[in-house]
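In this note's numbering, the protein residues as written are 1 to 73.
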């Protein structure tokens, strides 16, 4: 499982969890009563936006740079 998710599976899993929870809460806000729909919609959108932090970390830590390019001349 770790090889499919790269070298940092924890960040990928956190990103997936935030995406799933954010989408669930956002969709819940669409059917919520008018008195509380905005809380669910905004919270879902914030979770979806926060998941981008985990995806950026995951992508950054999975970048592979050849050793030849790291050596200073």
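No residue lacks a Cβ here, since even glycine has one placed at the ideal position from N, Cα and C.
In terms of residues, what are the limits of the alpha helix (DSSP H) holding residue i?
i          : result
residue 63 : Segment: none, residue 63 is in no alpha helix (DSSP H) and carries neither H nor E.
residue 9  : 9-31
residue 68 : 67-70
Determine, using beta carbons only, whether residue i and residue j come nearer to each other than 8 angstroms.
i          : j          : result
residue 40 : residue 26 : yes
residue 7  : residue 61 : yes
residue 72 : residue 47 : no
Who are the near neighbours of residue i in its chain, counting only those whose CB is closer than 7 angstroms to its CB and skipping five residues on each side?
i          : result
residue 58 : 6, 8, 11, 12 and 15
residue 55 : 15
residue 70 : none
Using a Cβ-Cβ cutoff of less than 6 angstroms, which residues in the same chain neighbour residue i once the five nearest sequence positions on both sides are dropped?
i          : result
residue 43 : 25
Under 8 angstroms Cβ to Cβ from residue i, same chain only, skipping five residues before and after it: list those, please.
i          : result
residue 45 : 22 and 26
Next item on the list: Would you be able to state if there are at least three C-beta pairs under 8 angstroms between the region 16-28 and the region 40-56?
Entry: yes
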